[in-house]
Structures are given as C-alpha cells and as structure tokens.
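To keep things clear, I will list the structure first and then write my remarks on it.
Residue numbers (our numbering), protein chains in the order written: chain A, 8 to 299; chain B, 8 to 299; chain C, 8 to 299; chain D, 8 to 299.
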C-alpha cells in the first residue's frame with residue numbers, strides 16, 4: 008500500500024522504516040530535507056495516487072493543526088488523514104471537521120512504542136469511522152507488533168477515541184513508573200537489601216510485578232546500579248496532565264496517576280514555594296528554626 | 008534433594024507439586040491430615056535425614072512463629088529452616104535467633120507466584136547467610152521459573168532481606184494495580200472509548216504498559232467486560248501497610264503506594280466518617296444540603 | 008450609595024440586607040417576583056441613576072454570562088458591573104470584554120461568608136481597574152466584616168484576580184476540611200480517646216489548629232456527637248476542580264487539595280469501578296476471593 | 008498549688024512563668040543549672056511536700072522514659088507524674104506501669120501553644136484516671152487559655168488518650184499547613200493575582216479559611232512578602248508519622264495528612280532516588296533526555 012508520512016523524527020523515521028520493511032510504499036516529508044523524500048507537503052500529495060492516505064507524525068498542538076489545515080487544502084474527496092502524534096483528543100474533533108468539509112476522512116491513532124517500536128512494533132489505538140479505519144488496516148498491521156491483531160491494535164471508537172485511549176494509557180504509565188520508582192527508593196534507603204539491582208532483576212519472571220517497565224529498570228540498573236549518573240528530574244509531556252484533567256471532569260478519583268504527575272512537577276523545582284510557606288508557619292508558631 | 012514442607016495450602020500444596028516434578032523428595036505436613044505426608048511436625052522431622060531442610064509455608068505472624076519455635080526444639084545443628092511465607096522482615100530476625108541457639112540456620116524467602124506458580128514458577132527473594140542460601144539452591148532452582156537464575160531469584164542480603172524485598176515488591180504491586188484501575192475507571196467513564204476491554208487488550212504487545220497485570224486485567228475483562236459481577240471491595244494483606252510504614256521510617260515519600268493502600272481501605276467502608284465530617288462542615292458554613 | 012443587585016438567593020438576599028443596614032439603597036432583581044424590587048432587568052436599570060452600579064449574584068456559568076450580556080445592552084458608558092458569584096476567572100475576561108465595548112466597567116469579586124455573612128460580613132477579593140474598584144469601595148466596606156479593611160478585602164489584581172483568589176481560597180478550604188475530617192475519622196476509630204467531641208472543642212483556644220472550621224465542626228459534633236444523622240456524601244461546587252486544574256497548568260504540586268477533591272468524588276460513588284478492577288486483579292493473580 | 012517541673016526549655020520555661028503568674032509555686036529542674044531552681048531531680052522531689060505533683064517537660068523518647076524511671080524511685084504513693092511532652096501514646100502505657108508499681112499516678116497531657124502559650128495559654132489534652140486529672144485541675148486551669156474550660160482543655164480518656172489526641176491534633180496541623188502552602192504556591196505562580204500577601208490578609212475575617220495558621224502566614228508574608236529569605240525545607244517531629252501509622256493500623260484513609268508528611272520528606276532531599284528511576288525509565292523507553 009502507498010502512503011504519505013509527514014514528520015520523520017525519532018518516531019516518524021522509524022515508522023517509515025518499519026512500513027517499508029513490510030513492503031509498503033512510503034513517501035516521507037519532513038522539514039529536514041535530508042530526511043525527506045518529498046520536497047514539500049504539496050509535492051508529497053502530488054506523489055501519491057488518489058485515494059490518498061497521509062499519516063501525520065508531527066508534534067501535537069500547533070504543528071499538527073497547521074499540517075492538517077494545509078492538507079485539507081491539498082487533498083481531495085476520498086483521501087484519509089491519520090494523526091499518529093500525541094494530540095489531545097479535543098484536537099481530533101476540530102481536525103476531523105476541517106477535513107470533512109473537503110470530504111477527507113480522519114483517523115486519530117495513538118501510538119506507543121518509543122525507541123523500541125521499529126523492532127518490536129507499535130501498540131496502536133485508533134479512532135474514527137469504521138470504513139476509514141478498515142482502509143488503513145494494512146498500515147496498522149505493518150506497524151503493530153507481530154501476534155494477534157487485537158493484542159496490538161484496537162479501533163477504540165469514533166474520532167478522538169484513539170487519542171483518548173492513548174492518553175489514558177500514558178496516564179497509567181505515569182502511575183506504573185512511579186510505583187516502581189517508590190519501591191526503588193525504599194530498597195535503596197533500606198540497609199537490609201544489599202543487592203537492589205538484583206532484587207529488581209529477580210522479579211523479571213514469575214512475579215506479579217513483571218512488566219516491560221521492570222525490564223527497562225533492570226537494564227538501567229545494570230548500566231548504573233545506583234543511578235548515580237542521573238538527576239532526579241522528569242519532564243511530563245502532556246498526556247499525564249490531560250488524564251488528570253479528564254478524571255476531574257468525570258469526577259473520577261485518580262490519586263495514583265495524580266501523585267505521579269505531581270512528583271514530576273516537584274522534581275523540576277529548585278525550591279518549593281509551598282514548603283517555604285510550611286517552614287514559615289512552623290517558625291511563626293513553634294519557633295522552629297528555618298533554613299535561609 | 009530431600010526437604011520437609013510445613014503448610015500445604017494454596018501456595019504450599021502447589022510448591023510441593025512443583026518440587027516433586029523437579030525430582031525432589033518432599034515430606035509435607037499440614038494440620039489437614041488429608042494433605043499431609045507426615046502425621047505431625049516431629050514425625051516430619053524424623054522422616055528427614057540430617058542435615059535437614061524444612062521449608063515453612065504457613066500464615067505469617069503467630070502461626071509461623073510457633074512453627075519455628077517448635078522446629079527449634081526438633082531440629083539439630085546443621086539443619087536449615089526456610090520461611091517462605093509472607094512474614095514481616097522484623098519477624099525474621101527473631102526467628103533466626105530462636106534457631107541459631109540450636110545451631111540451626113535460617114533463610115527467609117519471599118515467594119511471588121500466586122495461583123500461577125505451579126506452572127510458571129515462583130519469583131524468589133532470599134535473605135540469610137551465603138552458605139545456607141547456597142545449600143538451598145537446588146530447591147530454589149526447582150521453584151523459580153525457567154530461564155536464567157537471576158531473572159527469578161535473588162539472594163538479596165542477610166536475614167530479613169528476602170522478606171524485605173518481597174514486601175517492597177508487594178507495595179509496588181499495590182501501586183501498579185491501582186494505576187491500571189484508575190485508567191480503567193476513566194475509560195469506563197468516558198463516552199468516547201466504546202471498546203474498553205479492547206483498548207486494554209491492544210496494550211498487550213508493543214506498549215510501555217504491557218505487563219502481567221495487564222494480561223490479567225484483559226482476562227478479567229474478557230470474562231466480564233463491565234466487571235459487573237464484582238463488588239469494588241479489596242482486602243489488603245499486610246505488605247502494603249508495612250511498605251508504607253517502612254517508607255515513613257526512612258522518610259521516603261511514597262504517595263503512589265500509599266494512595267493505593269488508602270483506596271483499599273476506603274473500598275471496605277460502608278460509609279466514611281471523614282466524609283460525614285466534610286458534609287457537616289459544608290452544611291454548617293454554607294448551608295449546603297446534607298444526605299441523611 | 009445606590010446599586011442594583013441581580014440575584015436574591017441565599018447569598019444575594021442576605022447581601023441586600025447587609026447593604027441596606029449600612030444605609031445603601033439597593034434595587035434588587037430576581038426571577039422570583041416575591042424577592043424582587045424591580046420587575047425585570049431593564050426595569051432595574053431604569054430605576055438606577057447613572058452612573059450605575061449593578062452587582063450580579065447569580066449562579067456561575069450560563070446564568071452569569073447571559074445576565075452580563077443583557078446588562079451590556081442596557082447599561083451606558085461609565086456604569087460598572089460587579090460579578091460577585093462563584094465564576095471561573097476565565098469567564099471574567101470574556102465578561103469584561105462584552106461590557107467594555109459599551110464603555111461599561113467590570114469588577115469581579117470573590118465573596119466568602121456562607122450563611123454567616125449577613126451578621127459577620129463577607130470576605131471580599133476584587134479584580135479590575137483601580138478606578139472601578141475605588142468607586143465601589145462604599146459597597147465593599149458595607150459588605151466586608153468590621154475591622155481593618157485589609158483584613159476583609161483585597162484588590163487582588165486586574166480583571167479575574169478576584170475570582171482567582173477566591174478559587175484558591177476555596178481550594179484551600181477543601182484541604183482544610185479534609186484535614187479535620189481525617190483527624191475526626193482517626194479519633195473516631197481509636198479506642199483510646201473516649202471523648203472525641205470534647206477533644207475537638209478543647210482545640211478551640213490556644214492550639215495551632217484553632218479556626219473557624221474547627222468551631223463549625225465543634226458545633227456539628229455538639230448537635231450530633233457521632234455524626235450519625237449524616238451520610239458521608241459531599242458535593243463539590245467547581246472551585247476545587249478549577250484549583251487543581253490551575254495547579255496542573257502551572258506545574259504546581261497540589262497533593263493535599265487534590266486528595267480532598269478526590270475524596271469528595273469517591274464519597275458520591277455507590278461502587279468504585281477502579282476497585283472492581285483491583286478486586287479482579289487480586290482474584291486473577293492470587294485467587295483471592297471477591298465479593299459479588 | 009505546688010508542683011515540680013522537670014525541663015525548662017522553650018516550652019517548660021514559659022509554662023513555669025505562666026504557672027507562677029497564676030499564683031502557683033513551681034520548683035523547676037533542668038540540666039542547665041542557670042534555669043534550674045533545684046540542683047537535681049532528688050533535690051526537686053525533696054523540696055516538694057507530699058502528695059507531690061511533678062510535671063515532666065523533656066524531649067519525648069529516651070529522655071522522658073529515663074526521667075519517669077528515675078522519678079518512680081524518688082516518689083511515693085499518692086504522688087502524680089504528668090508527662091506534658093510530645094510522647095507517643097504507646098510510651099504512656101509503659102510509663103504508667105513503671106509508676107503504678109510505686110503507687111504513683113500518671114497523667115499524660117498533650118500541650119499545644121508554641122511560642123505563644125505563655126501569653127495566650129496552652130491547649131491541653133489529658134489522659135489518665137479521673138481522680139488524678141481532677142487533682143491537677145488547678146494546674147490545667149492556669150496553663151490553658153482564658154475562657155470556658157472545655158474550649159482549652161479535655162480529659163480525653165484513660166492513660167495515653169491525651170497524647171493520642173495531641174498526635175491527631177498535630178496530624179491535622181500538617182494537613183492544614185500544607186493546604187495553605189499549596190494555595191500560596193499557586194497564587195505565587197499565577198500571573199493574575201498581583202497582591203498575594205494582601206489576598207491572604209483579606210481572608211482574616213469573614214472567610215471560611217480564617218484561622219490562627221492563616222494569621223501566622225499573614226505575619227510571615229508581611230515580614231517577607233515572597234518568603235525569599237527562607238528555604239523550602241521542613242522538618243517533622245514525630246506526630247505526623249505516628250498519625251499516619253495509626254491511620255494505617257486502623258485502616259483509616261488519610262490522604263491529606265499523608266501527603267503533607269511526604270511533602271516534608273521530599274523537602275529535605277537533595278535529589279530524589281525515585282525520580283532518578285523515573286528519569287531512567289523515560290530514557291530507556293522513549294529515549295527522552297536525562298539530566299546528569
């Protein structure tokens with residue numbers, strides 16, 4: 008199958024490779040001419056035969072929105088656009104509307120796979136009309152991991168459902184990472200367990216906490232057993248925040264995911280204004296010493 | 008190798024089977040005569056050749072302590088006792104002392120495997136002297152999952168380290184379960200994702216949240232897609248509490264594991280006294296309606 | 008001073024009384040004709056001399072927005088509208104714009120006081136232009152508690168700052184209420200403290216936790232020592248959610264306020280889908296019994 | 008009334024002053040001879056007429072235990088010891104036993120008042136036998152704030168109940184402080200509220216969040232509006248940890264108090280091992296940059 012792929016960065020570039028390995032014809036476009044097959048977005052569109060499929064893999068937000076808007080002007084009735092980036096699901100509804108005025112279909116697809124996707128395949132969560140999703144199935148089958156389709160792909164619902172599922176997936180990821188991280192810190196603090204990396208590694212098989220994340224933590228601890236090369240600083244990339252905001256909008260208690268998000272916020276603070284206020288209160292009431 | 012096994016319940020019974028399949032000679036004792044090979048603890052000890060190995064697999068707390076105390080009187084110098092139950096690590100130090108006065112060695116061993124261990128093998132975390140641990144290695148190798156030894160077994164440190172590692176393992180498990188659970192509730196609450204079980208199943212391969220727990224949740228959702236047969240009621244079995252208490256003792260922030268623990272507490276309350284107080288305050292200040 | 012007051016419910020009605028006691032001339036309008044002085048919004052505007060002041064005290068959201076929009080058409084250059092309701096600060100910017108096209112000024116004012124405000128006075132947080140705020144000062148002085156002005160009133164910043172401060176104030180309130188509530192539940196659960204209401208009452212003077220909320224809890228416990236007449240069910244009215252959302256937008260960790268919000272969400276659930284998932288996982292892995 | 012007072016530090020010294028102002032005869036002893044009235048503990052006991060009252064006001068833990076043990080040998084039947092320090096309630100049971108073998112009574116008394124107690128009075132929570140508590144009432148009346156007795160004093164239950172109530176009181180204090188602190192940080196982070204100290208001050212009267220802690224925060228912000236002189240570093244003194252541990256032992260969810268405790272733990276870390284683990288996981292999976 009032939010498709011256009013806009014955005015050839017860390018994710019998009021690897022996806023192009025995986026699609027080509029599966030025998031698909033991919034015309035890629037990136038603002039970096041070295042990575043690009045096409046010279047421009049219009050050129051990319053020109054090089055595809057109708058009805059076209061264009062997969063967008065650029066940063067969520069303005070970049071995705073402007074790419075979709077530009078594609079709306081370039082594409083024709085019967086074409087389909089897929090947004091495979093980390094867009095917020097609310098953007099999908101807007102994107103689908105922009106395209107539908109031109110008769111262009113829209114599918115949103117959450118993609119999980121990180122730097123491993125090229126070899127392992129990408130977990131895919133799609134949202135959109137059944138016909139559009141069906142048409143893209145050869146692409147999805149090439150990108151997803153080997154094995155039964157439903158273990159690496161879901162058509163989760165209408166437009167936005169793919170990114171919604173991906174958002175929740177990432178929210179869960181925040182909680183999982185933090186659970187391992189708290190366990191790591193406690194083992195690290197204890198005097199009793201003298202082989203902390205070994206303890207994590209021993210959970211790789213048979214235990215209820217075995218997981219890919221565990222394997223990744225074992226790898227990291229094998230490289231650097233005390234994680235001494237790292238700073239305890241963690242960015243967040245949007246989905247965690249959105250998950251908590253959705254939880255609030257739906258009155259769903261989400262203490263674990265939220266705690267994980269807040270731990271990332273705190274990790275980036277040089278000093279905590281809140282804890283200055285606590286220090287001030289302890290000093291005002293109890294005369295407790297403060298640090299200046 | 009020959010060993011005694013005290014406690015032939017859900018876990019102990021399966022472990023006996025797995026050990027026998029591996030060619031070991033297991034003399035089992037349980038207060039249930041139907042399950043027992045030996046008629047009593049003294050009988051079990053008599054039926055083993057010195058130097059003996061006795062693996063204790065009875066409920067943590069008083070049952071384990073009294074079994075160890077009784078074994079201290081029955082065993083001889085050079086024998087070794089293993090506590091494979093879910094004991095708190097502080098019990099191990101006491102148990103080791105009771106036995107050491109008789110020259111009997113002690114190894115604590117955290118065991119993870121649940122109802123799956125018989126087939127899959129058990130993740131093992133051992134604490135104790137190197138010589139005692141080494142002597143037990145054929146037993147550990149039979150119980151642990153196939154594959155490299157260090158992916159299913161660790162000698163984590165001195166006496167208590169095995170149960171300490173297991174305690175933290177279970178604390179992590181609380182956090183992991185709750186992270187998936189919060190994601191489940193949010194997907195369940197959303198209108199957009201119409202195939203919630205399918206979304207979970209699609210994470211089985213390739214995604215960063217793939218894990219054994221995810222597979223188990225997928226199984227549960229395949230059996231009962233809305234979990235409508237279940238009550239949202241979850242017990243806790245000690246290790247979660249101990250993990251948080253250890254975290255507090257070591258001044259380690261553990262918000263995720265603690266939130267998971269508190270969610271279980273709350274799940275068992277018919278009504279919340281705290282929320283009665285909040286309702287009372289809202290009524291007193293703002294005249295907000297209360298439910299009676 | 009003369010002013011119009013739109014919305015004569017629990018809050019608005021009491022404010023009219025307090026303003027009149029202070030000697031101000033208040034023309035009130037409410038959709039309930041029994042409470043109203045004016046027959047309609049246009050009638051209210053007609054009955055005021057220019058330059059007019061109209062204080063809006065209707066439910067946040069659509070009701071406030073439509074009232075402001077209607078006032079924009081009825082008022083003239085030099086008039087001022089105050090929104091004293093619990094609007095989200097983002098609404099203020101829109102409201103101010105609608106009015107500014109007609110030369111009408113806009114002040115947002117967070118009001119705290121509950122059912123006590125009529126007698127005790129209302130804590131006021133205003134946002135807007137200095138000149139508009141200054142013009143309203145006689146109204147603010149009548150509404151706020153006796154004592155120094157800056158202990159019951161602040162001009163917190165430009166348009167929106169008043170409601171922003173009120174939002175954070177309410178977020179703090181969530182945390183404070185929950186802190187007392189958790190302490191209540193723990194004392195209630197302990198066997199040792201036999202006079203729980205007495206313990207709370209003894210904190211009324213001299214202790215670091217003395218506060219108005221404490222006094223209100225003491226009142227509630229005097230009425231009903233075990234809070235047995237109440238259900239542990241607590242609504243939330245928007246500001247708590249907004250506070251957490253703002254915290255997320257600003258990457259500010261807010262675990263206490265968020266925990267208080269989530270506790271309210273949970274208090275309203277008949278059963279917890281998340282805890283069903285936890286129960287399912289415990290059953291799948293460990294064979295633990297579930298409740299159906 | 009005559010009493011001995013052991014420990015004349017920040018709290019004990021002020022309490023001696025307040026008791027003397029009320030007309031009581033206080034014989035003080037401290038290891039600092041400058042502060043002491045008596046030359047030794049035996050000397051203090053000698054200088055009191057039987058039946059004696061000795062109030063112990065030394066650091067919780069070993070110092071209190073050894074003082075009580077020494078007093079047990081010096082005192083006689085009919086004497087009473089009060090522990091007014093911040094002891095854990097579990098110590099009270101042991102202390103009472105040590106003394107009861109000599110016929111000496113024991114009362115535990117939680118004391119809240121900080122540096123303000125000398126002038127404002129101390130909030131008091133007592134545990135012990137009714138007769139012992141009754142006998143001490145003149146002392147309690149002198150120490151507690153003016154006003155009705157039950158607004159500054161409670162006989163909360165048997166031995167240990169006073170310190171239990173004080174422990175919960177302090178746990179609540181953790182939550183309250185953190186709630187204000189989070190609100191402060193959010194206002195500080197917002198661009199909209201330009202007068203943050205003014206906003207807090209405006210809550211002093213009429214609002215639902217008014218409290219002593221609020222007044223103390225207002226004082227701190229008047230001294231240093233951005234708290235720029237302070238480091239966000241907060242110690243914890245035991246009661247917060249004990250409160251959470253009690254909550255866990257009673258299966259009481261206490262997310263707010265726990266979050267406040269964990270925030271203090273985190274405030275004292277130079278770097279977070281947990282967040283190193285999160286950074287490592289993000290790097291391993293997604294290739295996200297880490298800080299070294």
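Every residue, glycine too, gets a C-beta built ideally from N, C-alpha and C.
Worksheet item: In whole angstroms, what is the alpha-carbon distance linking residue 268(D) and residue 261(D)?
Response: 11 Å
Worksheet entry | Three-state secondary structure assigned by DSSP to residue 99(C) | helix
Item to complete: Give the residues of chain C in contact with residue 189(B), contact being defined as C-beta atoms less than 8 Å apart.
Response: 281
Worksheet item: When burial is assigned at 16 or more other CB atoms within 10 Å of the CB, is residue 46(C) buried or exposed?
Response: exposed
Practice prompt. Find out if the Cβ-Cβ distance for the pair residue 257(B), residue 193(A) is shorter than 8 Å.
Written response: Residue 257(B) is a Cβ neighbour of residue 193(A), given a cutoff of 8 Å.
Worksheet entry | Proximity test, Cβ basis, 8 Å: residue 45(C) and chain B | no
Worksheet item: For the ligand MN, any of its heavy atoms closer than 7 Å to the Cβ of residue 274(B)?
Response: With respect to small molecules bound, the structure shown includes none, and the ligand MN cannot be examined in it.
Fill in: Neighbour-count burial assignment, residue 117(B), 16 or more Cβ in a 10 Å radius
buried
Practice prompt. Excluding the 5 residues preceding and the 5 following residue 120(D) in the sequence, name in chain order all residues of the same chain whose CB lies nearer than 6 Å to its CB.
Written response: These residues qualify, in order along the chain: 129.
Item to complete: Indicate whether the contact test is met: 3 or more Cβ pairs, each with one atom in the region 193-209 of chain B and one in the region 221-233 of chain A, closer than 8 Å.
Response: no
Item to complete: Report the option in 74(D), 202(D) and 214(D) whose CA atom is closest to the CA atom of residue 228(D).
Response: Taking each of 74(D), 202(D) and 214(D) in turn and checking the Cα distance to residue 228(D), the smallest one comes out for 202(D).
Discussion item. Can you give me the C-alpha to C-alpha distance between residue 115(A) and residue 266(C), rounded to a whole angstrom?
Written reply: 33 Å
Worksheet item: Does residue 2(B) come within less than 8 Å of chain A when only Cβ atoms are used?
Response: The first residue shown for chain B is 8 and the last is 299, placing residue 2(B) beyond what the model contains.
Worksheet item: If the cut is a Cβ gap below 9 Å, which residues of chain A does residue 178(B) touch?
Response: 186, 189, 190 and 193
Fill in: Inter-residue Cα distance where the pair is residue 290(A) and residue 283(A)
10 Å
Worksheet item: Any Cβ of chain B within less than 8 Å of the Cβ of residue 262(D)?
Response: yes
Discussion item. Output needed for residue 109(A): all residues of its chain with C-beta closer than 6 Å, excluding positions within five of it in sequence on either side, in chain order.
Written reply: 79
Discussion item. Using a Cβ-Cβ distance cut-off of 8 Å, determine whether residue 255(D) contacts chain B.
Written reply: yes
Worksheet item: Could you give the distance in angstroms between the alpha-carbon of residue 136(D) and the alpha-carbon of residue 14(D)?
Response: 24 Å
Item to complete: Buried or exposed for residue 296(C), please, with buried defined as at least 16 other CB atoms from any protein chain shown within 10 angstroms of its CB.
Response: exposed
Discussion item. Can you tell me whether residue 56(A) is buried or exposed? The criterion is at least 16 other CB atoms within 10 Å of its CB, across all chains shown.
Written reply: Exposed, because fewer than 16 other Cβ atoms sit within 10 Å of the Cβ of residue 56(A).
Worksheet entry | Reference residue 65(B), options 85(B), 89(B) and 222(B), closest by Cα | 89(B)
Worksheet entry | According to DSSP, residues forming a beta bridge with residue 9(C) | Paired residue(s): 32(C).
Practice prompt. Anything in chain A within Cβ reach of residue 251(C), meaning under 7 Å, just list it in chain order.
Written response: 255, listed in chain order.
Discussion item. So that I know if they touch, is there some Cβ in chain A lying closer than 8 Å to that of residue 160(D)?
Written reply: Against chain A, the CB of residue 160(D) has no partner CB under 8 Å away; the residue lies outside that interface.
Worksheet item: Mind checking residue 277(A): buried by the 16 CB within 10 Å criterion, or exposed?
Response: Under this definition residue 277(A) is an exposed residue.
Item to complete: May I ask you to list the residues that DSSP assigns as paired with residue 296(D)?
Response: Per DSSP, none; premise fails for residue 296(D).
Worksheet item: Between which two residues does the alpha helix (DSSP H) harbouring residue 190(D) extend?
Response: Here the alpha helix (DSSP H) through residue 190(D) covers 168-196.
Worksheet item: Mind checking residue 27(C): buried by the 16 CB within 10 Å criterion, or exposed?
Response: exposed
Fill in: chain C residues whose Cβ lies nearer than 7 Å to that of residue 278(B)
Residues of chain C passing the Cβ test: 238 and 239.
Worksheet item: Cα separation between residue 168(A) and residue 133(A)?
Response: Roughly 7 Å between the two C-alpha positions.
Worksheet item: Does residue 109(C) come within less than 8 Å of chain B when only Cβ atoms are used?
Response: no
Worksheet entry | Exposed unless 16 or more other CB atoms sit within 10 angstroms - verdict on residue 21(B) | buried
Item to complete: For chain D, find out if any of its Cβ atoms is closer than 8 Å to the Cβ of residue 172(B); answer yes or no.
Response: no
Discussion item. Contact defined as beta carbons within less than 8 Å: I believe residue 246(A) pairs with residue 93(A). What is the distance between those atoms, to the nearest angstrom?
Written reply: That belief holds up - the Cβ atoms of residue 246(A) and residue 93(A) are roughly 6 Å apart, short of 8 Å.
Worksheet item: When we look at the beta-carbon of residue 185(A) and count the other beta-carbons within 10 Å, is it buried (16 or more) or exposed?
Response: Residue 185(A) is buried by the Cβ-count criterion.
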